[in-house]
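Note sheet for the following structure.
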Amino acid sequence: MMTGLRTVLVAAMAAALLSVPGAVTTASADARVSAKEPGCAKLGVYSEESADIHNVCGYTISASVEVDGWDPGCIQIEPGEVGHIGLDAGDEPYYAYEC
């Protein structure tokens, strides 16, 4: 009797665990993106000399980009516009953020 109950419980738990990973993976991926670039400032294209920061909100923001070492100073970006920020040699931006 106990073996049959244990088998049923194990089967039920296995089914539950197998049905959840897709939702958990999606939530984790979304959390990484929102944690990486919360708010209005979104990193656009960049080169060795500059990076684009998109203001996706309906109000003016100040923003910069995260790089190794010292981050560039903040720039003001109008609603829905793209700001261009200068980079030092060797800088590679990871993400944009509001200042």
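So the sequence shown is numbered by the working numbering: it starts at -18 and just counts up by one.
In this text, a Cβ means the ideal position worked out from N, Cα and C, and glycines have one as well.
Annotated three-state conformation of Asp33 is strand, per DSSP. Under the DSSP assignment, Val63 falls in the beta strand (DSSP E) whose first and last residues are 63 to 67. Going by C-alpha positions, Cys55 is about 19 angstroms away from Gly71. Here Tyr76 carries a strand assignment [DSSP, helix/strand/coil]. With contacts defined by Cβ atoms closer than 7 angstroms, Ala22 and Pro74 do not form a contacting pair. Burial check for Ser45: the Cβ neighbour count within 10 Å reaches 16 or more, so the residue is buried.
CA-to-CA, the gap between Thr41 and Glu62 works out to about 9 angstroms. DSSP, reduced to helix, strand and coil, places Gly71 outside both helices and strands of the structure shown, so it counts as coil. CA-to-CA, the gap between Asp52 and Leu24 works out to about 14 angstroms.
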